[in-house]
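Visitor: Okay, here's the structure, questions in a sec.
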Amino acid sequence: MLSATSVRRVIAVLLALTLIVVLGAPLASAQEGGEPRTIVDFVGRQVTLEAPPQRIVGMSASISEMLFAIGVTPVGVTSGMDYPPEAASLPDFGTGYQPNLEALAALEPDLIIGNAQLNMSILDKLEAIAPTIMVMTMTASDVPQNVRLLGQATWHDTEAEYLARAYDGYLALADKLGAGQEGPSIVFIVGTLDVPNYGKSATYFGDMAKRLGATNIADGEADAGPFPGYAQLSVEAVVDADPDFVFTVTRGAPTPMPETMASDPIWSSLSAFQNGRVIELDNRLFVESPGPRFIEAMAQLYDIFYGEGME
Amino acid sequence: MRAEAVTPASSAHALDLSRRRLFTRLTVIALSSLLLLGALILALGSGSQSIAPDEVIQALQDRESVKKSVALIIHEVRLPRALAGALVGLNLAVAGALLQGVVRSPLGDPYILGVSAGGGFAAAATSLRVEGFPPDAVPVMAFIGALIGALIVYAIAWDGSGVTTTRLALAGVALTAMMSALTTTVVVMSVQGGGQIIFQWLVGGLYTAGWREYHLIVPYSIAGFVLAMMLARRANILALGDEMAQGLGLHVEWTRFLMSAVAAVLAGSAVAVAGLIAFVGLLVPFVARRLVGSDFRFLLPTCALLGAALLVGADTAARVTFPALFDLKNVEFPVGIITALIGGPLFLWLVRARRAQW
């Protein structure tokens, strides 16, 4: 026989349980998701995900930043990632182009977001570890669609959709701002003065500069060298064009290019150099990590071009 | 066999000697198998993630009984890489032994003779420049390139009666330089990202060796080794010298061609999987010859086992020991660096010792 108090207690517990179930339902459905999903990735592969992935990794800083942006904290990141700050404390599994597969497997990911430019040759190894989706972000305008794709693959559709719309709106606004401007002529060099790669408007940085009204002196040239979107110019061509700005991202040398130029008679003769308009850019922000921070990058660039905030 | 007055005593003595010799050879082969087994166990047990030996064994016995990450690391990362590496080492060592028989010089290494370089160029050109070229057909192209490379060097170094070590080395160096230049050209033309992995391939690495690569190379290894063993008796006769071999009814040039072709199959498929790995074909037959003598029936299996063990061991060093030496995390070196560091000095010594005879 149950006493009155016990009955009351049981009812109370049942009520509490019902409450938890009812209130928790929307939350649970957002996490559980229910239906499996088939994602079509950048290279056209169809990848079916049975349930919302819980342990996600991105194979580049660019991808990981997009994950963070839609509210997904990856279980590990590529080495050297420092933004957002919490990324620095996550376990790292080596570089994006040659990840340590053991370290990657040790994270037990259930979804890998690969870089279609760097990781196609190891796709079968990544697939052996976890379902893999390939994305590629070349320019700022790729960011909204990739954010949507990542949102779909991680069941974070709503967050992704909001962000993607905001990005689209920002890009449209930036285009309007840039269209009305008599922008500067620029040259953009990645590498060293001895082994320079001249970025055209097809690169992440070049595209942002072009949207803000800049003219890139390398744009007429064919792609050359190891990176797509980059050309090889002669120093004569640069001197001849005498651009308003020289942007550099030094890679493969300890001394930044602006300092090297100071002791070079030809480079230091450029107007840009004499006007203090040779600027070393942040590698992550402007080259290596195309992603949500294009907003910050474009705002900085607008400031540099026109000397005022982009409001 | 030397013709001597056969007395019952001396024939009994000879029988005893040959029996003892057989015993030594079989012992060496058994020990080489153990060495390979040890190298494989070491490879499965070491890496950037530490997994205890008993856990490795447990993971091998039953995949489901261990943590998911351990199962993934053992079954999808370390095991296929170790097995593919073993086959690459086997192929290169057996190819080296065959080529040494062909040119009758200890410099018969696929890497030195331009066989690897020829195969490498063919593999790079087809896989990087021909759009939609089936990956499974790359070893076939590598084989053709390797064979052409071998024939060119051989034709240049041949002076009617044989090949001298110096001519061989010079012809090999020249062809390798040419082929590497062409390969680099192809790579530079095609690098769009992924450049680091292609770089690994040029130095010879197993970073990309997984199950796919293992399945790609395994038929070539089996076919190549079986064919090599079938040629062992002829290779032994060839080793007696062209005149003697001809006298014994051997079609000398045809035998040479067959041996080169089998070596090209082995070296070509190894190159297609792991790129240009230096000196395995030089180092292993050199050691094996000292252990079991120059009878190809024993030399080839010994080379196969030792070659596999060497490459698996060297790859473990490249993955684990070397990065630890430089205090690097999540970075590995191409195994070709290790084999070159061991094989290079031996090559120099061989050239200096001018050992045309062996």
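Just so you know, the protein sequences line up as chains Y and D, in that order.
All the letters of the first sequence, read from the start, carry residue numbers 879 to 1189 under the working numbering.
All the letters of the second sequence, read from the start, carry residue numbers 13 to 370 under the working numbering.
Note that CB positions come from ideal geometry on N, CA and C, so glycine has one too.
From the DSSP secondary-structure annotation, give me the bridge partner or partners of residue 1142 of chain Y.
Guide: Here residue 1142 of chain Y is not bridged, per DSSP, to any residue.
Visitor: Ends of the beta strand (DSSP E) at residue 1068 of chain Y?
Guide: Note, residue 1068 of chain Y: beta strand (DSSP E), 1063 to 1069.
Visitor: I need the straight-line Cα distance from residue 147 of chain D to residue 130 of chain D, nearest angstrom please.
Guide: 18 angstroms
Visitor: Return the chain-ordered list of same chain residues with a C-beta closer than 6 angstroms to the C-beta of residue 158 of chain D, the five sequence neighbours on each side being excluded.
Guide: These residues qualify, in order along the chain: 127, 130, 131, 276, 279 and 280.
Visitor: Would you list the one or two residues that DSSP bridges to residue 954 of chain Y?
Guide: Y/935
Visitor: Counting only Cβ pairs nearer than 8 angstroms, list the residues of chain Y close to residue 248 of chain D.
Guide: Going along chain Y, no residue has its Cβ under 8 angstroms from residue 248 of chain D, so there is no contact; the nearest lies around 42 angstroms.
Visitor: For residue 61 of chain D, which residues in chain Y fall below 7 angstroms Cβ to Cβ?
Guide: 980, 981 and 984
Visitor: Going by other Cβ atoms of all chains shown within 10 Å of its Cβ, with 16 needed for buried, is residue 1089 of chain Y buried or exposed?
Guide: buried
Visitor: Looking at chain Y, is there any beta carbon in it that lies within less than 7 angstroms of the beta carbon of residue 140 of chain D?
Guide: No, residue 140 of chain D does not count as interfacial toward chain Y.
Visitor: Could you name each continuous alpha helix (DSSP H) segment of 4 residues or more that falls completely within the region 1020 to 1108 of chain Y, going from the start of the chain to the end?
Guide: 1020 to 1031, 1035 to 1057 and 1082 to 1089
Visitor: Note down the Cα distance separating residue 359 of chain D from residue 948 of chain Y, rounded to an integer number of angstroms.
Guide: Each residue's Cα considered, the two are about 58 angstroms apart.
Visitor: Let's test the definition: count the other Cβ atoms within 10 Å of the Cβ of residue 23 of chain D and tell me whether it reaches 16, buried, or not, exposed.
Guide: Flag for residue 23 of chain D reads exposed.
Visitor: Below 8 angstroms on C-beta distance, what does residue 81 of chain D contact in chain Y?
Guide: 983, 984, 985 and 986
Visitor: Does residue 1020 of chain Y come within less than 7 angstroms of chain D when only Cβ atoms are used?
Guide: no
Visitor: Name the residues in the region 1062 to 1087 of chain Y whose C-beta lies less than 9 angstroms from a C-beta of chain D; which are they?
Guide: none
Visitor: Rank Y/938, Y/1052, Y/1153 and Y/1020 by C-alpha distance to the C-alpha of residue 1080 of chain Y and give the top, closest one.
Guide: Y/1020
Visitor: Of all the CB atoms in chain D, is at least one closer than 7 angstroms to the CB of residue 1002 of chain Y?
Guide: yes
Visitor: So which residues on chain Y does residue 220 of chain D lean against when the C-beta distance must stay under 7 angstroms?
Guide: 999 and 1000
Visitor: Ordered along the chain, which non-local residues of its own chain (more than five positions away) have a Cβ less than 6 angstroms from that of residue 981 of chain Y?
Guide: 971
Visitor: In the region 313 to 347 of chain D, which residues sit with their C-beta less than 7 angstroms from some C-beta in chain Y, listed in chain order?
Guide: 342 and 343
Visitor: Considering only residues of the same chain and omitting the five flanking positions on each side of residue 1172 of chain Y, which have a CB-CB separation below 7 angstroms?
Guide: The answer, listed in chain order, is 1018, 1021 and 1086.
Visitor: When you compare the CB of residue 207 of chain D with every CB in chain Y, is at least one pair closer than 7 angstroms?
Guide: Confidence in residue 207 of chain D is poor, its pLDDT being 49 and thus under 50, which makes the residue's placement unreliable; the coordinate value appears in the next sentence. True, the Cβ-Cβ gap to chain Y drops below 7 angstroms.
Visitor: Pairing CB atoms from the region 288 to 303 of chain D with CB atoms from the region 117 to 125 of chain D, are three or more of them under 8 angstroms?
Guide: yes
Visitor: In terms of residue numbering, what span does the beta strand (DSSP E) encompassing residue 1158 of chain Y cover?
Guide: Looking at the DSSP string, the run of the beta strand (DSSP E) that includes residue 1158 of chain Y is 1156 to 1158.
Visitor: Look at residue 315 of chain D and residue 82 of chain D and say whether their C-beta atoms are less than 7 angstroms apart.
Guide: no
Visitor: Can residue 1123 of chain Y and residue 1062 of chain Y be called in contact, C-beta distance under 7 angstroms?
Guide: Residue 1062 of chain Y is positioned such that its CB atom lies closer than 7 angstroms to that of residue 1123 of chain Y.
Visitor: Given residue 1121 of chain Y, which residues of its chain have a CB within under 7 angstroms of its CB, disregarding the five upstream and five downstream residues?
Guide: Answer for residue 1121 of chain Y: 1063, 1064, 1065, 1095 and 1150, listed in chain order.
Visitor: Would you call the CB atoms of residue 944 of chain Y and residue 997 of chain Y closer than 7 angstroms?
Guide: no
Visitor: Let me see if you follow: with CB-CB separation under 7 angstroms, is residue 1169 of chain Y close to chain D or not?
Guide: So no, residue 1169 of chain Y is outside the interface.
Visitor: Please determine, among Y/1045, Y/946 and Y/976, the residue with the shortest C-alpha to C-alpha distance to residue 957 of chain Y.
Guide: Y/976
Visitor: Give a yes or no on whether the C-beta atoms belonging to residue 284 of chain D and residue 154 of chain D are separated by under 7 angstroms.
Guide: With contacts defined as CB atoms closer than 7 angstroms, residue 284 of chain D and residue 154 of chain D qualify as a contacting pair.
Visitor: Does any residue of chain D have a CB that is nearer than 7 angstroms to the CB of residue 1185 of chain Y?
Guide: The beta-carbon of residue 1185 of chain Y is placed no less than 7 angstroms from the nearest beta-carbon of chain D.
Visitor: Residue range of the alpha helix (DSSP H) that residue 351 of chain D falls in?
Guide: Start and end: 347 to 365.
Visitor: Please confirm whether residue 329 of chain D and residue 349 of chain D have their CB atoms less than 7 angstroms apart.
Guide: no
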